[in-house]
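Residue numbers for the sequence shown follow the numbering used here, beginning at 14 and rising by one. What follows is a set of notes on a single structure, which appears directly below.
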Amino acid sequence: MHSAFFYHLGYECERAGTLQILTGHTVGSLVALHDVYKLKLKANQYGQTKGFEISHVIPVQGHAFIGLYHAENLVVAPTHLNRTHGTKHYGGGLSISRNSLVSKHAVAKGAPRKQTVERIIRFLGEDVVAELVKVAKIQSTQRHALTSWLQDHLDPVVPEHRDYLNNLDGMTTQALRALKATLEGKEGNAFKVKTTTYTASDVFLLELERHSAYRPELANVVNILRKRVAPFTSQHLSRVSLNTLEQQAVFDLLHGQPVEAIQSVLDEYIARHTSITDRGERIPAYKPIVFNAVSQPAAKSAVVILKTFRSFADCLDSGVPEAVPVLGLAQMAPQVDTDPLPWER
14 MHSAFFYHLG YECERAGTLQ ILTGHTVGSL VALHDVYKLK LKANQYGQTK GFEISHVIPV
74 QGHAFIGLYH AENLVVAPTH LNRTHGTKHY GGGLSISRNS LVSKHAVAKG APRKQTVERI
134 IRFLGEDVVA ELVKVAKIQS TQRHALTSWL QDHLDPVVPE HRDYLNNLDG MTTQALRALK
194 ATLEGKEGNA FKVKTTTYTA SDVFLLELER HSAYRPELAN VVNILRKRVA PFTSQHLSRV
254 SLNTLEQQAV FDLLHGQPVE AIQSVLDEYI ARHTSITDRG ERIPAYKPIV FNAVSQPAAK
314 SAVVILKTFR SFADCLDSGV PEAVPVLGLA QMAPQVDTDP LPWER
């Protein structure tokens with residue numbers, strides 16, 4: 014099988030020291046594994062960047078068990094987070110006991126890659142591999158001459174060569190010819206594979222959706238990150254953006270941490286995206302102002318009130334005669350000359 018995917022599997026088996034990391038595979042699980050491999054290629058823009066790696070939920074080193082190379086046990090993640098994570102294991106994943114390893118399936122360091130691939134095909138079953146090639150459309154003969162030559166001349170020990178080996182399946186025939194010409198020292202046409210740029214947040218969302226098939230509770234996290242904040246996000250910011258703390262939390266979640274362990278981070282994410290904003294600044298939710306003033310006893314009056322004190326109102330009517338004065342007619346209006354009324358004539 015002259016395919017970069019199978020040569021990639023050969024590298025992983027050599028790294029783990031055994032073919033048994035492929036234990037339990039079916040055509041369906043191998044197709045899912047091939048999809049993980051393709052996502053890593055796309056995220057790295059087919060070799061133009063090295064920002065993402067395939068990380069293990071259960072590692073292949075450092076424990077009494079060894080992680081299987083199955084899609085359920087793998088996460089495409091930022092390289093720096095994977096390197097920092099090391100051989101930690103939070104829970105979940107797929108593994109077999111080291112006590113179950115048998116020597117006939119061991120893979121020595123530096124073993125010829127082509128030989129390892131042939132052993133992988135026998136381990137998985139030729140019928141299974143043939144069906145995988147058909148379903149996943151893995152090219153096995155169409156570009157056989159080019160890929161075989163490149164696989165024989167690219168050294169996986171050299172980082173740049175290893176990237177080329179990993180990317181052979183995603184390269185066009187023209188790109189393969191140019192690469193072969195470059196390795197031969199001939200003048201080859203420069204090539205650049207056009208790809209969509211994936212951010213860490215993009216990849217994490219894709220991996221959360223994929224892993225929700227194995228862990229249904231992750232669907233709620235996807236709903237929070239992608240849908241719940243959508244009504245509060247402007248169109249040009251509709252792409253999910255996770256900050257450094259949130260990326261680490263999602264990485265840990267994908268590697269086996271329970272949702273409850275990152276709940277506070279999810280709450281902060283919701284608050285960060287749903288709070289009212291003014292020119293990009295968060296305005297906290299309204300809270301009434303409460304003054305906790307300490308009540309003080311009333312001060313004593315400094316005015317001395319005499320026993321014989323009478324208010325101003327009490328004095329208003331003092332000395333007023335009870336008889337109401339009546340004005341005379343002469344005092345009320347002056348005398349004037351008037352014409353007699355009709356009945357007085």
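Each residue gets a CB set at the ideal place from its N, CA and C atoms; glycine is no exception.
| query | How far does the alpha helix (DSSP H) with His-224 in it reach, from first residue to last? | reply | DSSP places His-224 inside the alpha helix (DSSP H), whose first and last residues are 213-224.
| query | Whose C-alpha, out of Glu-259, Leu-219, Ala-226 and Ile-275, is nearest the C-alpha of Val-89? | reply | Answer by Cα proximity: Leu-219.
| query | Does DSSP put Gly-80 in a helix, in a strand, or in coil? | reply | Strand, per DSSP.
| message | Between which two residues does the beta strand (DSSP E) holding His-69 run? | response | Looking at the DSSP string, the run of the beta strand (DSSP E) that includes His-69 is 65-69.
| task | Quickly, what does DSSP pair Ser-110 with across the bridge? List them, please. | result | In DSSP, Ser-110 forms a bridge with Phe-78.
| Rounded to whole angstroms, how far is the Cβ of Ser-108 from the Cβ of Gly-75, which I believe are closer than 8 Å? | Contact between Ser-108 and Gly-75 fails: their C-beta atoms lie close to 12 Å from each other, not under 8 Å.
| task | Label Ser-116 either buried or exposed according to how many other C-beta atoms from any shown protein chain fall within 10 Å of its C-beta, with 16 as the threshold for buried. | result | Sixteen is the threshold: since fewer than 16 other Cβ atoms of the shown chains lie within 10 Å of the Cβ of Ser-116, the residue is exposed.
| query | How do the region 181-193 and the region 15-35 stand: do at least 3 beta-carbon pairs fall below 8 Å, yes or no? | reply | Yes, the region 181-193 is in contact with the region 15-35.
| Buried or exposed: where does Ala-262 fall if 16 or more other Cβ atoms within 10 Å of its Cβ makes it buried? | With 16 or more Cβ atoms within 10 Å of its Cβ, Ala-262 is classed as buried.
| query | Around the Cβ of Asp-165, are there at least 16 other Cβ atoms within 10 angstroms (buried) or fewer (exposed)? | reply | Note on Asp-165: under 16 other CB atoms within 10 angstroms of its CB, so exposed under the neighbour-count rule.
| field | His-102 to Thr-62 span [Cα, whole Å] | value | Whole-angstrom Cα-Cα distance: 27 Å.
| task | Locate the alpha helix (DSSP H) running through Leu-196, then write down its first and last residues. | result | For Leu-196, the uninterrupted alpha helix (DSSP H) run begins and ends at 186-196, by DSSP.
| request: Classify Pro-91 as helix, strand or coil using the three-state DSSP reduction. | output: In the structure shown, Pro-91 sits in a strand (DSSP, three-state: E or B).
| query | How many Å lie between Phe-264 and Ala-213 at the Cα? | reply | Distance between the alpha carbons of Phe-264 and Ala-213 is about 10 Å.
| request: May I ask you to report which of helix, strand or coil DSSP gives Thr-287? | output: DSSP, read as helix, strand or coil, puts Thr-287 in helix.
| said: Going by DSSP in three states, Ala-121 sits in which element: helix, strand or coil? | reply: Residue state, collapsed to three classes: coil.
| task | Keeping to the same chain, check which residues put their C-beta closer than 6 Å to that of Val-73; ignore five residues upstream and five downstream. | result | Here the set comprises Ala-29, Ile-79 and Gly-80.
| message | Rounded to whole angstroms, what is the Cα-Cα separation between Lys-53 and Pro-125? | response | Near 24 Å, if we compare the C-alpha coordinates of Pro-125 and Lys-53.
| CA nearest to the CA of Gly-60, picked from Val-272, Arg-111, Asn-256 and Tyr-177 | Of the candidates Val-272, Arg-111, Asn-256 and Tyr-177, Tyr-177 places its Cα closest to the Cα of Gly-60.
| field | Helix, strand or coil at Thr-210 [DSSP, three-state] | value | The answer is coil: DSSP assigns Thr-210 none of H, G, I, E or B.
| Assuming His-224 contacts Leu-267 under a Cβ cut-off of 8 Å, what Cβ separation, rounded to an integer in Å, is found between them? | That belief holds up - the Cβ atoms of His-224 and Leu-267 are roughly 6 Å apart, short of 8 Å.
| request: Counting only the same chain and skipping the five closest in sequence on each side, list residues whose C-beta sits under 7 Å from that of Val-120. | output: Cβ neighbours of Val-120 within its own chain (closer than 7 Å, five residues either side excluded): Cys-26, Glu-27, Gly-30, Thr-31, Leu-32 and Thr-129.
| request: Tell me, to the nearest whole angstrom, how far the beta carbon of Pro-49 is from that of Val-148; I am working on the premise that it is less than 8 Å. | output: At residue 49 the sequence reads Val, which differs from the Pro that was named. The pair is not a contact, with the Cβ atoms about 15 Å apart (cut-off 8 Å).
| Bridge partners of Thr-97, per DSSP? | Beta-bridge pairing links Thr-97 to no other residue.
| message | With the cut-off set at 7 Å, would you say Glu-230 and Val-272 are in Cβ contact? | response | The Cβ atoms of Glu-230 and Val-272 sit closer than 7 Å to each other.
| query | So, helix, strand or coil for Thr-160, using DSSP? | reply | Three-state result, Thr-160: helix.
| task | Use the C-beta contact count for Leu-22: other C-beta atoms within 10 angstroms, 16 or more gives buried, fewer gives exposed. | result | Buried, because 16 or more other Cβ atoms sit within 10 Å of the Cβ of Leu-22.
| Close Cβ partners of Arg-111 (< 7 Å) along its chain, the five nearest in sequence each way excluded | Within its own chain, the residues whose Cβ lies closer than 7 Å to the Cβ of Arg-111, once the five positions on either side in sequence are excluded, are Ala-77, Phe-78 and Ile-79, listed in chain order.
| request: Kindly indicate which residue of Tyr-282, Glu-139 and Leu-167 has the alpha-carbon position closest to the one of Leu-258. | output: The shortest Cα separation from Leu-258 among Tyr-282, Glu-139 and Leu-167 belongs to Tyr-282.
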